[in-house]
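Quick notes on the structure that follows.
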Amino acid sequence: MRKKIVAGNWKMNNDLGATRELLTDLKSRALPEGVEVIVTPTFTNLHSATEALSGSSIKVAAQNMHHSESGAYTGEISGTMLKSVGVNTVILGHSERRAYFGESNALLAEKVNAALAQGMTIIFCFGEELDDRKKGSHFDLVKSQLSEGLFHISESDWGKIVLAYEPVWAIGTGETASPEQAQEMHDFIRRTISEAYSDAVAQGVSILYGGSVKPNNAAEIFGKPDVDGGLIGGASLKAHDFMQIVNAFS
Ligand code: 13P
0 MRKKIVAGNW KMNNDLGATR ELLTDLKSRA LPEGVEVIVT PTFTNLHSAT EALSGSSIKV
60 AAQNMHHSES GAYTGEISGT MLKSVGVNTV ILGHSERRAY FGESNALLAE KVNAALAQGM
120 TIIFCFGEEL DDRKKGSHFD LVKSQLSEGL FHISESDWGK IVLAYEPVWA IGTGETASPE
180 QAQEMHDFIR RTISEAYSDA VAQGVSILYG GSVKPNNAAE IFGKPDVDGG LIGGASLKAH
240 DFMQIVNAFS
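Numbering-wise, numbering that gives the first Met the number 0 puts 19 at position 20 of the sequence shown, and it's gapless, one number per residue.
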């Protein structure tokens, strides 16, 4: 059975004080059975987050990492550094990294290899822009993001992969993909993985939806058969809203 997961992508929000406050609030709340909860503070707050959440089942992930283990890469953070502060999960390929920092599918493939070499779990993000959807090329685009960034990994590596389909037009816009649009794409993703690998891999991987998920629409989106949870931006910054989303599985 694949996992139900709700991950909060905090992006470049919350200084140390705000991080501690939000984590204390989250830690004080009861979590539902059978849902994995992940938060992703900024790099500077990862260490204090893993310490603050010791004894809690909430996991801490990073928002990005470099593909080398160390070296002359000013301003970058490696997987070994993340692991040294207790972080074993990393988001790769977020559309903001692709759009603002020029991360290509080829670079992401290298980052995927680096994270897997560290034994880390990867939340691999991808999704089309509005133009792609208008042109009707969104399925092809998603297929190429997956095949160029991820499909070089071995079948056994899929145990370390969580997918996050995030249509760029729905991120931070208040415009959500309809539950039917999300289901249609998630079903396509599973069929694409089944063709490239096997039905067992396709059925075993958790596929999260991201893009304007809020307390008032999470239940309907998570109710779709191929949606296994969400990657939440804005609504993950408020403990009450985030926990309502965590509790939205029926
Ligand atoms: P919003 O939930 O703010 O639309 O952000 C989604 C996202 O980018 C999560 O990674």
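Every residue gets a Cβ at the ideal spot worked out from N, C-alpha and C, and that includes glycine. The structure displayed is predicted, hence computed values, not measured ones.
Query: Endpoints, alpha helix (DSSP H) assigned at residue 49; Result: 45-51
Query: Same chain only: Cβ atoms within 7 Å of residue 172, ignoring 5 sequence neighbours per side; Result: 211
Query: Distance between residue 136 and residue 47 (C-alpha atoms, nearest Å); Result: 43 Å
Query: Three or more C-beta pairs below 8 Å linking the stretch 220-230 and the stretch 190-197; Result: no
Query: Continuous alpha helix (DSSP H) assignments of at least 4 residues falling wholly in the stretch 124-152; Result: 129-134 and 137-148
Query: 6 Å Cβ shell around residue 35 - same chain, five flanking residues per side excluded; Result: 2 and 4
Query: Backbone CA spacing between residue 24 and residue 243 [nearest angstrom]; Result: 13 Å
Query: C-beta atoms of residue 87 and residue 120 nearer than 8 Å; Result: yes
Query: Beta-carbon separation (whole angstroms), residue 59 vs residue 101, contact threshold 8 Å; Result: The Cβ separation is near 27 Å, so there is no contact.
Query: Helix, strand or coil at residue 12 according to DSSP, with G and I counted as helix; Result: coil
Query: Local conformation of residue 39 per DSSP, three classes; Result: strand
Query: Residue 126 Cβ short of 7 Å to ligand 1 heavy atom set; Result: no
Query: For residue 71, the first and last residue of its enclosing beta strand (DSSP E); Result: Per DSSP, residue 71 belongs to no beta strand (DSSP E) and is neither H nor E.
Query: Cβ-based neighbour list, residue 94, same chain, cut-off 7 Å, excluding 5 preceding and 5 following; Result: 124, 126, 165, 167 and 170
Query: Identified DSSP bridge partners for residue 5; Result: 36 and 229
Query: For residue 218 and residue 249, believed in contact at Cβ under 8 Å, the rounded distance; Result: 7 Å
Query: At least 3 beta-carbon pairs within less than 8 Å: the stretch 140-159 vs the stretch 105-120; Result: yes
Query: Of the residues 180, 75, 195 and 139, the one placed nearest residue 152, counting alpha carbons only; Result: 195
Query: Check whether residue 91 and residue 161 have beta carbons under 8 Å apart; Result: no
Query: Residue 89: first and last residue of the uninterrupted beta strand (DSSP E) it sits in; Result: 88-91
Query: Contact check, residue 116 vs residue 89, beta carbons under 8 Å; Result: no
Query: Cβ-heavy atom distance, residue 8 to ligand 1, below 7 Å; Result: yes
Query: Closest by C-alpha distance to residue 221, when choosing among 49, 140, 200 and 185; Result: 185
Query: Beta-carbon proximity list for residue 246, same chain, < 7 Å, skipping 5 on both sides; Result: 31
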